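Top to bottom, those sequences are chains A and B. The number in this note's numbering is simply the position in the first sequence, starting from 1, with 5 added. The number in this note's numbering is simply the position in the second sequence, starting from 1, with 142 added. Even glycine gets a Cβ: it sits at the ideal position worked out from N, Cα and C. Keep in mind that this is a model prediction, so the values were computed, not measured. This report concerns only the one structure given below.
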Amino acid sequence: GAVVSQHPSRVICKSGTSVKIECRSLDFQATTMFWYRQFPKQSLMLMATSNEGSKATYEQGVEKDKFLINHASLTLSTLTVTSAHPEDSSFYICSARDAVRGTEAFFGQGTRLTVV
Amino acid sequence: AQSVTQPDIHITVSEGASLELRCNYSYGATPYLFWYVQSPGQGLQLLLKYFSGDTLVQGIKGFEAEFKRSQSSFNLRKPSVHWSDAAEYFCAVGALSNTGKLIFGQGTTLQVKP
Numbered sequence: 006g007a008v009v010s011q012h013p014s015r016v017i018c019k020s021g022t023s024v025k026i027e028c029r030s031l032d033f034q035a036t037t038m039f040w041y042r043q044f045p046k047q048s049l050m051l052m053a054t055s056n057e058g059s060k061a062t063y064e065q066g067v068e069k070d071k072f073l074i075n076h077a078s079l080t081l082s083t084l085t086v087t088s089a090h091p092e093d094s095s096f097y098i099c100s101a102r103d104a105v106r107g108t109e110a111f112f113g114q115g116t117r118l119t120v121v
Numbered sequence: 143a144q145s146v147t148q149p150d151i152h153i154t155v156s157e158g159a160s161l162e163l164r165c166n167y168s169y170g171a172t173p174y175l176f177w178y179v180q181s182p183g184q185g186l187q188l189l190l191k192y193f194s195g196d197t198l199v200q201g202i203k204g205f206e207a208e209f210k211r212s213q214s215s216f217n218l219r220k221p222s223v224h225w226s227d228a229a230e231y232f233c234a235v236g237a238l239s240n241t242g243k244l245i246f247g248q249g250t251t252l253q254v255k256p
């Protein structure tokens, strides 16, 4: 159990366009999901905490208007990178916390975004 | 400030040799500690975690880690490394109230020599 699916695994988009990344908890309910960003050969940095039915909480320095997060259901959170630029190219990983067990969060497989 | 430090950016060991990856943390509350492994272009797989109790925790793939509060450390060990263990390893810390919100170390790249 505790599977988190992230889609797409890879995406290439043109500068100025928007791209949506989905994070789904397949076999549990996730009241809270987390979005991380990972630059090449670097660590993961938390971008925002997504709570079902409410606004996301963004970490300092993360542009909320650029990285739109929606958590409309207990099994789905989406991250939309708006007006993407090459500097937004990165590896984005989500995690979801099981509302029942609550002891850890489970990670998706990540999305490699390349903006050309 | 809350932080996790993995002093070794890159480690190379011979297959069959023992391994220890270091992790030190600075955290204001009771820390909940994790080790994850990441293969290139992949997500994170949890190796083990420490919440409370026995300070020596066993994980998957033959890994173990020891929590030492006095040293603020949570080092990862494996008695005999396999070539398939070559990957990136991340130590992370979180709080019980929000264990999904993690602070990660910089990561240690493990290379295994035949």
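| Query | Result |
| --- | --- |
| Among L198(B), Q184(B), N217(B), F205(B), the one whose alpha carbon lies nearest that of D150(B) | N217(B) |
| Closer than 8 Å at the beta carbon, the chain A residues around Q144(B) | The contacting residues do not exist; Q144(B) stays about 11 Å from chain A at best. |
| Contact set between A243(B) and chain A, taken where Cβ atoms lie within less than 7 Å | Reading off the sequence, residue 243(B) comes out as Lys, not Ala. Simply F39, L51, T54. |
| When Y178(B), F205(B), R211(B) are compared against L186(B), the one with the closest alpha-carbon | Y178(B) |
| Residues of the region 86-100 of chain A whose Cβ lies closer than 7 Å to any Cβ of chain D, in chain order | Structure shown: chain D not included; protein chains present are A and B. |
| K220(B) to F205(B) span [Cα, whole Å] | 5 Å |
| Residue closest to I26(A), alpha-carbon to alpha-carbon, out of T54(A), T36(A), Q65(A), S10(A) | S10(A) |
| CB contact below 8 Å: G195(B) versus chain A | no |
| Residue span of the beta strand (DSSP E) that contains L198(B), given as start and end | 198-200 |
| Identity of the residues DSSP links to T251(B) by a beta bridge | H152(B), E230(B) |
| Selection of the region 104-118 of chain A by Cβ proximity to chain B, strictly under 9 Å | G107, T108, E109, A110, F111, F112, G113, Q114, G115, R117 |
| Contact set between R42(A) and chain B, taken where Cβ atoms lie within less than 9 Å | Correct list: empty, because the minimum Cβ distance to chain B is about 11 Å. |
| When I245(B), T250(B), K255(B), V199(B) are compared against R42(A), the one with the closest alpha-carbon | I245(B) |
| Residue burial classification, L84(A) (beta-carbon count within 10 angstroms, cutoff 16) | buried |
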